[in-house]
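Protein chains in written order, with our numbering: chain Y, 22 to 341; chain R, 8 to 339; chain Z, 457 to 767. Beta carbons are placed, not taken as given, at the ideal position from N, Cα and C, and that holds for glycine. Just so we're clear, the structure is a prediction, and the values are computed from it rather than from any experiment. Below: one structure, written as structure tokens.
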Amino acid sequence: MGSNTLEIRQLNTSFLTQKGEVRAVMDVSLDVPEGKITGIVGESGCGKSVTAKSVMGLVKYPGKVMSGEILLDGRDIRDIPEKEKCALRGSEVSMIFQEPMTSLNPVIRIGKQVEEALLLHKDIPKEQARIRTVEMLESVGISDAGNRMRCYPHQLSGGLRQRVMIAMAMICRPKLLIADEPTTALDVTVEAQILRLMKKLCSGGTSILLISHNLGVIAQICDYVYVMYAGRIVECADTVTLFDHPAHPYTMGLLRAATSLRQDTEILETIPGVVPNLLHLPKGCSFAPRCGSCGDRCRGEMPLMYEAGEEGHMARCFMC
Amino acid sequence: MSEILLEAKGLTKAFPAGRGRKVHAVTDVSLKVYKGETLGLVGESGCGKSTLGRMMIRLLAPDSGRLLLKGGDVTGMSDRDFLRHRRQLQLIFQDPYASLDPRLTVRELIAEPLRTWNVCRSRDEMTARVLELMEDVGVPGEFLYRYPHQFSGGQRQRIGIARALAADPELIVCDEPVSALDVPVQNQILNLLSGLQKARGLTYLFISHDLSVVRHISDRVCIMFLGMLCEIGETEEIFSSPLHPYTRFLMNAILLPDPHHRHEEDTLLSGEIPSAVNPPPGCRFHTRCPYATDRCRSEVPVMRDMGGRMAACHHPLGHGADLRSSEEARTS
Amino acid sequence: MLPNRSRKIVEEYEKSLKRPMDENLKSQIGEEETFLTLMKRMVRENKLAVFSAVVILLFIIAAVLAPVISPYGLSEMDLRNRLSPPGAGHLFGTDEAGRDILTRLLYGSRVSLLTGVVPTILSMLLGAVLGVVSGFYGRWIDAVIMRIADITLAFPSMLLAMVIMYILGDGLINVFLTLALVNWASVARIVRSQTLQLKETEYVEAARVIGVPKRKIVFRHLLPNCLPTLIVLFTLNVPSAILTESSLSFLGLGIQPPDASWGLMVNSGRQFLYNAPWLSLVPGIAIMVIVLAFNFLGDGLRDVLDPYQKK
Numbered sequence: 022m023g024s025n026t027l028e029i030r031q032l033n034t035s036f037l038t039q040k041g042e043v044r045a046v047m048d049v050s051l052d053v054p055e056g057k058i059t060g061i062v063g064e065s066g067c068g069k070s071v072t073a074k075s076v077m078g079l080v081k082y083p084g085k086v087m088s089g090e091i092l093l094d095g096r097d098i099r100d101i102p103e104k105e106k107c108a109l110r111g112s113e114v115s116m117i118f119q120e121p122m123t124s125l126n127p128v129i130r131i132g133k134q135v136e137e138a139l140l141l142h143k144d145i146p147k148e149q150a151r152i153r154t155v156e157m158l159e160s161v162g163i164s165d166a167g168n169r170m171r172c173y174p175h176q177l178s179g180g181l182r183q184r185v186m187i188a189m190a191m192i193c194r195p196k197l198l199i200a201d202e203p204t205t206a207l208d209v210t211v212e213a214q215i216l217r218l219m220k221k222l223c224s225g226g227t228s229i230l231l232i233s234h235n236l237g238v239i240a241q242i243c244d245y246v247y248v249m250y251a252g253r254i255v256e257c258a259d260t261v262t263l264f265d266h267p268a269h270p271y272t273m274g275l276l277r278a279a280t281s282l283r284q285d286t287e288i289l290e291t292i293p294g295v296v297p298n299l300l301h302l303p304k305g306c307s308f309a310p311r312c313g314s315c316g317d318r319c320r321g322e323m324p325l326m327y328e329a330g331e332e333g334h335m336a337r338c339f340m341c
Numbered sequence: 008m009s010e011i012l013l014e015a016k017g018l019t020k021a022f023p024a025g026r027g028r029k030v031h032a033v034t035d036v037s038l039k040v041y042k043g044e045t046l047g048l049v050g051e052s053g054c055g056k057s058t059l060g061r062m063m064i065r066l067l068a069p070d071s072g073r074l075l076l077k078g079g080d081v082t083g084m085s086d087r088d089f090l091r092h093r094r095q096l097q098l099i100f101q102d103p104y105a106s107l108d109p110r111l112t113v114r115e116l117i118a119e120p121l122r123t124w125n126v127c128r129s130r131d132e133m134t135a136r137v138l139e140l141m142e143d144v145g146v147p148g149e150f151l152y153r154y155p156h157q158f159s160g161g162q163r164q165r166i167g168i169a170r171a172l173a174a175d176p177e178l179i180v181c182d183e184p185v186s187a188l189d190v191p192v193q194n195q196i197l198n199l200l201s202g203l204q205k206a207r208g209l210t211y212l213f214i215s216h217d218l219s220v221v222r223h224i225s226d227r228v229c230i231m232f233l234g235m236l237c238e239i240g241e242t243e244e245i246f247s248s249p250l251h252p253y254t255r256f257l258m259n260a261i262l263l264p265d266p267h268h269r270h271e272e273d274t275l276l277s278g279e280i281p282s283a284v285n286p287p288p289g290c291r292f293h294t295r296c297p298y299a300t301d302r303c304r305s306e307v308p309v310m311r312d313m314g315g316r317m318a319a320c321h322h323p324l325g326h327g328a329d330l331r332s333s334e335e336a337r338t339s
Numbered sequence: 457m458l459p460n461r462s463r464k465i466v467e468e469y470e471k472s473l474k475r476p477m478d479e480n481l482k483s484q485i486g487e488e489e490t491f492l493t494l495m496k497r498m499v500r501e502n503k504l505a506v507f508s509a510v511v512i513l514l515f516i517i518a519a520v521l522a523p524v525i526s527p528y529g530l531s532e533m534d535l536r537n538r539l540s541p542p543g544a545g546h547l548f549g550t551d552e553a554g555r556d557i558l559t560r561l562l563y564g565s566r567v568s569l570l571t572g573v574v575p576t577i578l579s580m581l582l583g584a585v586l587g588v589v590s591g592f593y594g595r596w597i598d599a600v601i602m603r604i605a606d607i608t609l610a611f612p613s614m615l616l617a618m619v620i621m622y623i624l625g626d627g628l629i630n631v632f633l634t635l636a637l638v639n640w641a642s643v644a645r646i647v648r649s650q651t652l653q654l655k656e657t658e659y660v661e662a663a664r665v666i667g668v669p670k671r672k673i674v675f676r677h678l679l680p681n682c683l684p685t686l687i688v689l690f691t692l693n694v695p696s697a698i699l700t701e702s703s704l705s706f707l708g709l710g711i712q713p714p715d716a717s718w719g720l721m722v723n724s725g726r727q728f729l730y731n732a733p734w735l736s737l738v739p740g741i742a743i744m745v746i747v748l749a750f751n752f753l754g755d756g757l758r759d760v761l762d763p764y765q766k767k
């Protein structure tokens, strides 16, 4: 077993709004083992993106990381000065976003953008940087990289742009790549290609934290999965276990909803009710108001993470 | 077969792309929509499915081709004359955050079509109609005077549906109505749409890039690639034995929420979608198609009848076709 | 008569309004917005805007009551006390002809408030309507309106105002018209560019799907969504109109002495800036206060009208 590239311990991130403190991430602890793809899955607003941004130190005002440890290779990077954080971003930890169009500067040629990401962190001659850029672009599957380098972002298709983004993120060979919904804006055939590419990067030694709302994406490439709901992790397990034997009622609901599309049912499975407002979380388990097997205890106190059967499988539910 | 509600004959639309170039969004598309059915329209982004959908309800004028509503030609009609048909053809938008005017309350939003069509005689009657529609789509009446941004994505989409229903239409074009939503919410909206269809005898033209969604909701499906139709047919037939290679590749690319069925390299399509500014000659799919021959590169395949359904391919796949492991990737 | 089903739904709805609601839900539910509830909310949430409204109101009252509350007559000269500094006899001092500054300030506020607000409103109305029409309908309507606007903008505004004033002749109404005709073009340009953006939004397309006539789309969807921009433009244009009027008056084209306006007072006080600074300072401060008041009130109105700020 290798060690963990990233360990998050008891992370709390809040948004201090006029209406009160919105606790977007609550007591989140997770590990990203070396050379594996770890997934976070959840509906929009469950705090999965904020978790990623907290790691990168990119939480914007009025958001604030309140407490917790973020250990990159055993070193706490939560409270290091902004200057050191900048040095880390891009070289040790990189992030790719959902929308490849808006994350690239429209007036700079893509070759230059990728190259700059390298020159910013590594003190190497320009000549060599150019060669590395071409190599990198080719390794993310951009054919004819020499010519494509001269393109502007708008001249490329969405899939190619996302490949450029990945090349930019990977060019300094970071230990950890955080991918926030990397394929959501892409078409199905291109999505499959990008996922295959991420798998390839991972076998090249990079640890990946993949954030997605799509259980299909998670099932395809993740080794280990965390499920988030209303700011908390509610279940974690290795991918096969999670999909075969989900323990938390929310995970079950998500899975049933996703699979019922493929079955010949008249009425599709849903989860009754709506995601709670983070300002007015219900007392006890956040999922209790929507849960079919909820008891009195669930309405009174928040369950901890309990072992659920196999090793490494934990769920935040009294029932397991 | 039941009555044809809407028919497109050779619809073509190109948008100027500057410097004299053109984006060929839709090229020579003909299709029929039968009353009471759900016709799924599938394709990747930029394939022209939204453009086609908007032409079908005359929100965009085609460059050439004709549009027949219940057999009557409405292509050349002036906007003023078309207004009386406007009610019958409605649209549900993809983005429930952008399609509702942020300055109007739910009441005003749903009342807008009612007011436009002079459906109600008094203010009270209008409020009652609005509340009725809100109940139909499952938005609590207490939210009558709330603004769109105060709702979740699912509820906003319900408001959008209520607006479309307010005109009491026959056909609703659903343009990716669930792709911005999370899966449980998506399922709620799909259930709502099916329920409304049954209760009101609605006809849907359901545009989506998500094959699983289309498979669930549609009676018939047409597959589109780069502005042209590849294949039309009954949903089950298309999904059990696709004729066009593109259809098969699309189905292989579905991401199943099941870690036991992961993609295999050789069942996936490589390459990028060609540009619609400069579409390849012949069959537009030939640059990515492993079966392409010289004929595909020069001659445009026409839609032809292949055992009860239509496909545009020179070399259609046979039943139980030769793409490996496609069967197991297709369903769980 | 409502059909049975509707009646039931309405009854249920009305019942639901009477029923005491739990706090969580209550905070989420809106009430119908009327002018009164809007104003109430502004009073509650934005004290600065309310204070500004009070200041503006006081100025207006002072302007209306100028003949009653002025300590002296408008042209009453106290030749022994020329250029006397602010003090007991003359609260804000006197000018070079021994006229009481406070009196002239009060009388001047009549002209200045009107020239600040009336032509601005006129030019906003003209500019907003022409801008929206131009942006929304496009084609030749757009071309014609925009070329006229370009021509208007191409002239130095002072020169244009002088030409129009020459043609129209002196007088307050003509000053209003002139200022409106000079200022509408920039408003129209800005509103047009906003309209071009707004008309591509999906909710405008959604309105077209429903069959809402174009005219209604303009007034129901486009203009209200231009409102924040218009309010900002309004607060910017009021002071510039006050100052343009003063320049016109200075050139002998606007208000003529012995009538008073703040701009005129600032201008004529310039030559005594070293030995009697209050001549320009007092009306200058008055202009500043009224401009600030309009600014804060505008901000407050914009917030109150912004749906995203609504609870």
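Query                                                                                                                                                                                : Result
Taking only runs of the beta strand (DSSP E) that begin and end inside the region 46-120 of chain Y, which ones reach a length of at least 3 residues, in chain order?               : 58-62, 84-93 and 114-117
What residue does the alpha helix (DSSP H) around Glu238 of chain R start on, and which one ends it?                                                                                 : From DSSP, Glu238 of chain R is part of no alpha helix (DSSP H) but of the beta strand (DSSP E) over Met235 to Glu241.
Look up Pro23 of chain R in the DSSP assignment and give the residues it is bridged to.                                                                                              : R:Lys29
Would you kindly work out how many angstroms separate the C-alpha atoms of Ala299 of chain R and Ile230 of chain R, rounded to a whole number?                                       : 18 Å
Report buried or exposed for Asp97 of chain Y, applying the criterion of at least 16 other Cβ atoms within 10 angstroms of its Cβ.                                                   : exposed
What would DSSP say about Gly549 of chain Z, mapped onto helix, strand or coil?                                                                                                      : coil
Count the CB pairs spanning the region 32-52 of chain Y and the region 251-261 of chain Y that are closer than 8 Å, and state whether there are at least three.                      : yes
Would you call the region 11-23 of chain R and the region 267-274 of chain Y in contact, with 3 or more CB pairs under 8 Å?                                                          : no
At which residues does the alpha helix (DSSP H) containing Tyr271 of chain Y begin and terminate?                                                                                    : Pro270 to Ser281
For a contact defined as C-beta to C-beta under 7 Å, what are the partners of Asp265 of chain R on chain Y?                                                                          : Ala240 and Phe264
Put Arg30 of chain Y into one of helix, strand or coil per three-state DSSP.                                                                                                         : strand
For Gln101 of chain R, go through chain Y and note every residue whose CB falls closer than 8 Å to its CB, in chain order.                                                           : By Cβ distance, chain Y contributes nothing, its closest Cβ being about 13 Å from Gln101 of chain R, past 8 Å.
What's the C-alpha gap between Gly314 of chain R and Thr260 of chain Y?                                                                                                              : 43 Å
Excluding the 5 residues preceding and the 5 following Thr34 of chain R in the sequence, name in chain order all residues of the same chain whose CB lies nearer than 6 Å to its CB. : Thr19, Gly234 and Met235
For the region 104-116 of chain R and the region 647-665 of chain Z, state whether three or more C-beta atom pairs, one from each stretch, are separated by less than 8 Å.           : yes
Out of Z:Val647, Z:Gly667 and Z:Ser717, state which residue places its alpha-carbon closest to the alpha-carbon of Phe690 of chain Z.                                                : Z:Val647
Can you give, in chain order, each stretch of the beta strand (DSSP E) that sits fully within the region 97-123 of chain R and has at least 3 residues?                              : none
At a CB-CB cut-off below 7 Å, which residues of chain R make contact with Thr651 of chain Z?                                                                                         : Per Cβ cutoff of 7 Å: no residues; Thr651 of chain Z is ~14 Å from chain R at best.
Helix, strand or coil for Ile230 of chain R? Go by DSSP, reduced to three states.                                                                                                    : strand
Does DSSP put Asp42 of chain Y in a helix, a strand or coil?                                                                                                                         : Inspection of the sequence shows that residue 42 of chain Y is occupied by Glu rather than by Asp. Reduced to three states, the DSSP call for Glu42 of chain Y is strand.
Measure the alpha-carbon distance for Leu250 of chain R versus Ile11 of chain R and round it to whole angstroms.                                                                     : 25 Å
Note down the Cα distance separating Gln162 of chain R from Ile577 of chain Z, rounded to an integer number of angstroms.                                                            : 40 Å
Among the residues of its own chain, which have a CB less than 7 Å from the CB of Gly55 of chain R, if the five just before and after it don't count?                                : Ala32, Val33, Met231 and Gly234
What distance in whole Å lies between the Cβ atoms of Val190 of chain R and Val49 of chain R, which are believed to be in contact at a cut-off of 8 Å?                               : Going by Cβ atoms, the distance from Val49 of chain R to Val190 of chain R rounds to 18 Å, so no, they are not a contact pair.
Looking at the secondary structure, which residues open and close the beta strand (DSSP E) in which Ile232 of chain Y lies?                                                          : Ser228 to Ser233
Can you give me the start and stop residues for the alpha helix (DSSP H) that Cys54 of chain R sits inside?                                                                          : That residue, Cys54 of chain R, is in no alpha helix (DSSP H); it is neither H nor E in DSSP.
State the DSSP-derived secondary structure class of Gly17 of chain R, mapped to helix, strand or coil.                                                                               : strand
DSSP on Arg331 of chain R, reduced to helix/strand/coil?                                                                                                                             : With a pLDDT of 39 at Arg331 of chain R, under the threshold of 50, the modelled position of that residue is not reliable, and the figure given next carries that caveat. Three-state DSSP puts Arg331 of chain R in coil, outside helix and strand.
Could you tell me how far apart the beta carbons of Thr294 of chain R and Lys42 of chain R are, in whole angstroms, since I believe they sit closer than 8 Å?                        : About 39 Å separates the two Cβ atoms, so there is no contact after all.
Check the Cβ of Asn285 of chain R against every Cβ in chain Y and list those closer than 8 Å, keeping chain order.                                                                   : Correct list: empty, because the minimum Cβ distance to chain Y is about 13 Å.
Please decide whether Glu279 of chain R counts as near chain Y, where near means a Cβ-Cβ distance under 9 Å.                                                                         : yes
Below 9 Å between beta carbons: does that hold for Glu701 of chain Z and Ser717 of chain Z?                                                                                          : yes
Report all residues from its chain with a CB closer than 8 Å to the CB of Ala518 of chain Z; omit the five preceding and five following residues, and keep chain order.              : Ile525, Leu562 and Ser565
Using CA atoms only, rank isn't needed, just tell me which of Z:Thr559, Z:Pro733 and Z:Met495 is closest to Glu532 of chain Z.                                                       : Z:Thr559
Go to Ser215 of chain R, then tell me how far its beta strand (DSSP E) extends in each direction, as first and last residue.                                                         : Thr210 to Ser215
Go ahead and pull the three-state DSSP assignment for Asn25 of chain Y.                                                                                                              : strand
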